[in-house]
Amino acid sequence: MAGGDSSLSMKNWFRRTLQGVTPKSAEGVPLSEDQLRRIFMEHDKNGDGSLNKEELQAAFRALGSRAPAWRADDAIYNNDFDLDGVLNKYEIVHLLSYTLQCHYVLG
Numbered sequence: 004m005a006g007g008d009s010s011l012s013m014k015n016w017f018r019r020t021l022q023g024v025t026p027k028s029a030e031g032v033p034l035s036e037d038q039l040r041r042i043f044m045e046h047d048k049n050g051d052g053s054l055n056k057e058e059l060q061a062a063f064r065a066l067g068s069r070a071p072a073w074r075a076d077d078a079i080y081n082n083d084f085d086l087d088g089v090l091n092k093y094e095i096v097h098l099l100s101y102t103l104q105c106h107y108v109l110g
């Protein structure tokens with residue numbers, strides 16, 4: 004390879020190798036509301052747009068909670084305004100505010 008071609012190939016190799024790796028500088032960066040929403044909705048296993056205790060527990064586990072069962076119970080206790088045992092799309096908005104206060108981070 005001639006001069007510039009090898010460095011371009013090396014750049015592409017690094018780009019492909021490091022794709023998806025969280026840089027050290029991103030550790031400790033708080034998750035945004037949109038990122039949290041996506042994580043919670045990924046755990047809506049039956050696709051009904053609401054989250055039950057098991058789905059919440061799995062989501063908090065994915066977020067790295069040290070006590071996901073307690074977090075799920077607490078989330079329902081603090082955000083289930085119609086007392087049906089699940090969080091609907093309106094209650095999930097409040098859940099996001101609640102979860103932002105927990106300061107979950109990238110990495």
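Quick note on this note's numbering: the sequence shown kicks off at 4 and runs consecutively. Glycine residues also receive a C-beta, built at the ideal position from the N, C-alpha and C atoms. Since the structure is predicted, the reported quantities are computational estimates derived from the model, not experimental observations.
- Assignment of alpha helix (DSSP H) within the stretch 37-80, counting only whole runs of 4 or more residues, yields 56-65 in chain order.
- The continuous alpha helix (DSSP H) containing histidine 97 extends over residues 92-103.
- Counting C-beta pairs closer than 8 Å gives three or more between the stretch 56-64 and the stretch 79-94, which meets the contact rule.
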